[in-house]
Amino acid sequence: MNDSHAATSHVVLPRDVLRAFEDIVGPEHVSDDPWILDGYSFYFLSELITALGAGGERKFIPRPSAVLLPGSTEEVQRIVRVCNRRQIQFHAFSTGVVCEGGAGRVQLDLRRMNRIVDIDEKNRIAVIEPYVTNARLFHATIKKGLRAHVHAAGANTSPLASATSVGGEGPDNPSCGYSSRNVLGVEWVLPSGELLRLGSLGSGAGWFSGDGPGPSLRGVMRGVFGAFGGLGVFTRVAVKLYPWHGPPVFKGHGLPPNYPGEMPTNMKAFFAGFPTPDQMYDAVGLVWEEGIAHTFNRMPRSFLCYASSESNQQAYELWQSGLLEREFSNGISMIIAGFSEAERAYKERVFHEILRKTGGKIAETLQNDPRFALGVLRTSVLSDGVFRAVSRPSGGILEGYYLNESVDVSRLSHEASYAHTKSFTDRGICIDNGETNWGTFSDIAYLSEQIPHFDPRDEKSVQGMLELLATSYQKQFETRSGAGLFANIGALMNDAFGPMLSNVHIWKKRIKRGLDPRTACDPMGYAFPEAPTATEPPPERG
Amino acid sequence: MALEDFEADMVRCSRCSDCKFAPASQLDEDRAEICPSIARFGFHSYSAGGRFVAGLSLLSKRAEANDSLRDLVYRCQLCGACDVACKKDRELEPLEMMLEFRSRLVDLGLSHPALDAEIDGLDRHENMMRRPREGRGDWAEGLDVKRLRDGPAEIVYHAGCRLSYERSQWGIARDAITVLRRAGVDVAIAGDDEICCGGRAYEMGYPDRIERRAERLREELRRAGTKTLLTSCAHCFHAFGILYEKIGQSLGIEVVHIADYVNRLLDAGMLEFAKEVPLAVTYHDPCHLGRLAEPWVPWQGTETKVMQQLVLRDPPKSFRRGTHGSYRPPRELLERIPGVRLLEMKRVEAHSLCCGSGGGVREAYPEFAAFTAHERVDEAVDTGARALVSACPWCLEGLGESAHRQDLDVEVLDLIELVRRAL
Numbered sequence: 001m002n003d004s005h006a007a008t009s010h011v012v013l014p015r016d017v018l019r020a021f022e023d024i025v026g027p028e029h030v031s032d033d034p035w036i037l038d039g040y041s042f043y044f045l046s047e048l049i050t051a052l053g054a055g056g057e058r059k060f061i062p063r064p065s066a067v068l069l070p071g072s073t074e075e076v077q078r079i080v081r082v083c084n085r086r087q088i089q090f091h092a093f094s095t096g097v098v099c100e101g102g103a104g105r106v107q108l109d110l111r112r113m114n115r116i117v118d119i120d121e122k123n124r125i126a127v128i129e130p131y132v133t134n135a136r137l138f139h140a141t142i143k144k145g146l147r148a149h150v151h152a153a154g155a156n157t158s159p160l161a162s163a164t165s166v167g168g169e170g171p172d173n174p175s176c177g178y179s180s181r182n183v184l185g186v187e188w189v190l191p192s193g194e195l196l197r198l199g200s201l202g203s204g205a206g207w208f209s210g211d212g213p214g215p216s217l218r219g220v221m222r223g224v225f226g227a228f229g230g231l232g233v234f235t236r237v238a239v240k241l242y243p244w245h246g247p248p249v250f251k252g253h254g255l256p257p258n259y260p261g262e263m264p265t266n267m268k269a270f271f272a273g274f275p276t277p278d279q280m281y282d283a284v285g286l287v288w289e290e291g292i293a294h295t296f297n298r299m300p301r302s303f304l305c306y307a308s309s310e311s312n313q314q315a316y317e318l319w320q321s322g323l324l325e326r327e328f329s330n331g332i333s334m335i336i337a338g339f340s341e342a343e344r345a346y347k348e349r350v351f352h353e354i355l356r357k358t359g360g361k362i363a364e365t366l367q368n369d370p371r372f373a374l375g376v377l378r379t380s381v382l383s384d385g386v387f388r389a390v391s392r393p394s395g396g397i398l399e400g401y402y403l404n405e406s407v408d409v410s411r412l413s414h415e416a417s418y419a420h421t422k423s424f425t426d427r428g429i430c431i432d433n434g435e436t437n438w439g440t441f442s443d444i445a446y447l448s449e450q451i452p453h454f455d456p457r458d459e460k461s462v463q464g465m466l467e468l469l470a471t472s473y474q475k476q477f478e479t480r481s482g483a484g485l486f487a488n489i490g491a492l493m494n495d496a497f498g499p500m501l502s503n504v505h506i507w508k509k510r511i512k513r514g515l516d517p518r519t520a521c522d523p524m525g526y527a528f529p530e531a532p533t534a535t536e537p538p539p540e541r542g
Numbered sequence: 543m544a545l546e547d548f549e550a551d552m553v554r555c556s557r558c559s560d561c562k563f564a565p566a567s568q569l570d571e572d573r574a575e576i577c578p579s580i581a582r583f584g585f586h587s588y589s590a591g592g593r594f595v596a597g598l599s600l601l602s603k604r605a606e607a608n609d610s611l612r613d614l615v616y617r618c619q620l621c622g623a624c625d626v627a628c629k630k631d632r633e634l635e636p637l638e639m640m641l642e643f644r645s646r647l648v649d650l651g652l653s654h655p656a657l658d659a660e661i662d663g664l665d666r667h668e669n670m671m672r673r674p675r676e677g678r679g680d681w682a683e684g685l686d687v688k689r690l691r692d693g694p695a696e697i698v699y700h701a702g703c704r705l706s707y708e709r710s711q712w713g714i715a716r717d718a719i720t721v722l723r724r725a726g727v728d729v730a731i732a733g734d735d736e737i738c739c740g741g742r743a744y745e746m747g748y749p750d751r752i753e754r755r756a757e758r759l760r761e762e763l764r765r766a767g768t769k770t771l772l773t774s775c776a777h778c779f780h781a782f783g784i785l786y787e788k789i790g791q792s793l794g795i796e797v798v799h800i801a802d803y804v805n806r807l808l809d810a811g812m813l814e815f816a817k818e819v820p821l822a823v824t825y826h827d828p829c830h831l832g833r834l835a836e837p838w839v840p841w842q843g844t845e846t847k848v849m850q851q852l853v854l855r856d857p858p859k860s861f862r863r864g865t866h867g868s869y870r871p872p873r874e875l876l877e878r879i880p881g882v883r884l885l886e887m888k889r890v891e892a893h894s895l896c897c898g899s900g901g902g903v904r905e906a907y908p909e910f911a912a913f914t915a916h917e918r919v920d921e922a923v924d925t926g927a928r929a930l931v932s933a934c935p936w937c938l939e940g941l942g943e944s945a946h947r948q949d950l951d952v953e954v955l956d957l958i959e960l961v962r963r964a965l
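These protein sequence lines are chains A and B, in that order.
The first sequence runs 1 to 542 under my numbering.
The second sequence runs 543 to 965 under my numbering.
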């Protein structure tokens, strides 16, 4: 091609550094080729990250200097030590839907570390490596009558990443908790290259506890939302397992794209609509209190259209039919499960009583059409089909209002969130979903998320999303009606919004400096380190 | 189409990694990955998602197109597993994009030397085996089967390049003729006059090589009054039935794979099995007979938006999602053969793992082809089957070589060989 003059350059690592990496992981697991590196410059929402001023152009964040594929904890440690010695920043990730990283940095793609190390049936623990996916872990554990929590980011994303480094909620929260609650023993390569074992693992007592006997640093490791790879590399983790009510093999039979399959006999999906949001929230509170839900979704009706259809066209036709408006306004869907027919029947009776008390009504048409029930089953228990609702409609989603609070606080934010979204849909920025706020609940709080769909290819849509992000955060902080998911993620956002979040950014900067004195680990996903005091000696060279 | 036509897909890829795995409700804890390319080369760039990024990078002129890009694009069998997995939930076209990517690289002078040699052989000798043209019909020697050139022929059997020139596989084509004639089918072959379907050249990035061949075959078949074209080769089946439709050169006749046709003969009572074949077998779905054999649905239109940003197509587009591939007919045939017991592998039907031989990989990257075949043979052996059965000579060659290299006690057979044994 004659366009080499227009090519994007990147920081080239010295040959001896690359050789050092090759010695560790093998030459075929190291690349500094621009065509390979560009694969690591492109992520979901990267157009927003670059527009925020993190460098790069549109879909491309700045190109890293090299990508490495380590195969073991020991290899990760050795890489990190080289990075410390040569003052090169690194950033690790697993399946990689979202990643920071960028110019001059070394990306560690952990896809070779993909082993399910152990499933301890008796103690209900699974020990996994970074590239084990939700789907693989699910299928491995249900054979033993157990299951792990599956976060809503998709079937092929990493439970280890969710447990150690990012948020980690999902529709199965009611029965499986969520990722930060499920993490037990952790094997952690610190930014210095030292190996730290958290919880009972740290005292040689096995993987069973995250909080001891042994170091209990869950708050430092991940806090609420995780460090997004900004505090080192997590190489193995144990997660809690929960009872699985379904069969040992969960396979949708039939042909793509739907694999209709069958609903397990001791599970049942329910769909109900409510005349008002208030009545819906009354019902949510009671469902929560009664503990009858295996999975739960407060679902904008358009989301159900997307999730239960093969195509956008089909989703639109369903939307236009008015069926969901008639039956599923202010709607909720849930899976009820029981170990016996009697248990399931009891829970069903409780649910019908809740509907009677709150004025809710079963969405009869949806209830009697298996495509809705099976769609919700797969999405809720396995995160299978999530991208029908997330990415297919327009290519991108964002989260504006975000709340993990009591039902009553969520009730307050519901209308404000919708009104806020409407001001953007009216301008053509994002899809007019009619309603907003997806939600579920866990043992500690009700989670509510404003999820607008935008088109990453449409500049107006992208710029509008940035405005939505900023204004929604401002409003939710002012009215105390939310906590802004992204406000706490990434160094740039954290610096901007930290003062509104109990100065959490200061603590994160201190943690960053304490654990990573040479800033060897990419700070962009977490926090820039606190500046050293004038009297403080500089960190020792590695 | 041009690479630029996929720019929207490139930007809207969400890097979900679904292109690397069988759909979540279809996989198991092991053998979950379905893309040979990323399984072998590891870096994200070797997945469909990564190739979307490379495409966007090329269009954005972020890097100089070079041999490294060529390897990235050509180290892929174009097996379509990523395409089905992606399109389960999305409306992107990774496979079509990757085909256009190859064509673009050829235009840029970045073709692969090994594939150039194949194309040269095709241009000179009219086959993809790099053999002199003479002797194409030798496989049928002694069968006394009528020739297409001799007059009307309602039913024609097309052997394809591999079965015509690879002596060790002649038996497959001969068995096909034997079975057809046993059923009383008046079948003709082109013999020495047969030419390549052009399908493999098309996938190597040379779409121009298919058009002339489609035209010529259509004319020959029209002259002979042919109504049904049979073949044992999944690549030829795909070219005749799918690619010719795609390029607007439909043959206008019925194209049937031999496995499906034998089922018809059994249904019609024209063929009966007389012997038992006591054998535990597993079946490998050839990509070109399975997910890629879904009928071509022409579409021309534009993207439009409703509900402000919901993306639709005008007119509505029917995406090929692997729904209508030929998965059941070969299995039905196996199940009908007395004594045969079918043991399924983990990755089957729309999510079958490729044998490794497609997309020019066998010719350009033999080590990668062998790696993929090894993985598939391993999976077959895990079922406990004593025979690995398929319905494409390209698959059989790669899988057979792998089984031989590993010194495994497993037969690698074409379906028609089992049928022949049971007559």
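Glycine residues also receive a C-beta, built at the ideal position from the N, C-alpha and C atoms.
Keep in mind it's a predicted model, so treat the numbers as computed, not measured.
- Any Cβ of chain B closer than 8 Å to the Cβ of Leu324 of chain A would place that residue at the interface, and such an atom is absent.
- Boundaries of the alpha helix (DSSP H) harbouring Thr164 of chain A: 159-164, taken from the DSSP string.
- In the displayed model, Ala527 of chain A falls within coil according to three-state DSSP, outside both helix and strand.
- Here Arg862 of chain B carries a coil assignment [DSSP, helix/strand/coil].
- Residue pairing by DSSP places His700 of chain B opposite B:Thr773 in a beta bridge.
- Within the stretch 230-316 of chain A, the complete alpha helix (DSSP H) segments of 4 residues or longer fall at 277-290, 301-307, listed in chain order.
- By the neighbour-count definition (other C-beta atoms within 10 Å, threshold 16), Ala342 of chain A is an exposed residue.
- By the C-beta criterion, the stretch 950-959 of chain B is judged not to be in contact with the stretch 846-857 of chain B, since fewer than 3 inter-stretch pairs fall below 8 Å.
- When only Cα atoms are considered, Lys361 of chain A and Val409 of chain A end up about 24 Å apart.
- If the five residues before and after Ala929 of chain B are omitted, its C-beta is found closer than 6 Å to the C-beta atoms of Leu821, Val823, Glu953, Leu955, all from its own chain and listed in chain order.
- In the DSSP assignment, Ile142 of chain A falls within the unbroken alpha helix (DSSP H) covering 134-142.
- Within the model, the alpha-carbon separation for Ile719 of chain B versus His799 of chain B is close to 13 Å.
- Put simply, the CB of Tyr418 of chain A is far from chain B, with every gap to its CB atoms at 8 Å or more.
- For Phe138 of chain A against Gly490 of chain A, the beta-carbon gap comes to about 29 Å, at or over 8 Å, which does not count as contact.
- Taking all protein chains in view, the Cβ of Ala345 of chain A is surrounded by fewer than 16 other Cβ atoms within 10 Å, so the residue is classified as exposed.
- Not one beta carbon of chain A lies nearer than 8 Å to the beta carbon of Pro820 of chain B.
- Of all alpha-carbon atoms in A:His151, A:Glu74, A:Asn312, the one lying nearest the alpha-carbon of Val25 of chain A is that of A:Glu74.
- DSSP, read as helix, strand or coil, puts Phe42 of chain A in strand.
- Taking C-beta atoms under 8 Å as the contact rule, Phe910 of chain B and Asp109 of chain A fail to qualify, at a distance of about 19 Å.
- By the Cβ neighbour-count rule, His149 of chain A is buried, with 16 or more other Cβ atoms within 10 Å of its own.
- DSSP places Gly482 of chain A outside any alpha helix (DSSP H), giving it a letter other than H or E.
- According to the DSSP assignment, Ala92 of chain A belongs to the beta strand (DSSP E) that extends over 90-93.
- Classified as buried, Leu664 of chain B has 16 or more neighbouring CB atoms from the shown chains inside 10 Å of its CB.
- One thing to note: His700 of chain B has its Cβ no nearer than 8 Å to the Cβ of Trp936 of chain B.
- It is roughly 14 Å from the alpha-carbon of Asp802 of chain B to the alpha-carbon of Val727 of chain B.
- For the 8 Å CB-CB criterion, Val127 of chain A and Ala66 of chain A do not form a contact.
- Per DSSP, the continuous beta strand (DSSP E) segment holding Glu796 of chain B begins and ends at 796-799.
- Contact between the stretch 420-428 of chain A and the stretch 452-464 of chain A is present: 3 or more CB-CB pairs across the two stretches fall below 8 Å.
- Using beta-carbon distances, Asp802 of chain B does not count as an interface residue toward chain A, since no partner is under 8 Å.
- Annotation: Pro27 of chain A to Leu37 of chain A spans about 16 Å, alpha carbon to alpha carbon.
- By the criterion of at least three beta-carbon pairs nearer than 8 Å, the stretch 211-227 of chain A is not in contact with the stretch 299-317 of chain A.
- Those residues of the stretch 101-122 of chain A placed with their C-beta closer than 8 Å to a C-beta in chain B are Asp109, Arg111, Arg112, Ile116, ordered along the chain.
- Looking only at B:Ser894, B:Gln948, B:Arg904, B:Ser556, the smallest Cα-Cα distance to Ala623 of chain B is reached by B:Ser894.
- With a threshold of 8 Å between beta carbons, Gly794 of chain B makes no contact with chain A.
- CA-to-CA, the gap between Ala389 of chain A and Gly375 of chain A works out to about 11 Å.
- Using a Cβ-Cβ cut-off of 8 Å, Gly584 of chain B is close to Glu28, His29, Leu69, Asp109, Arg111, Arg112 of chain A, given in chain order.
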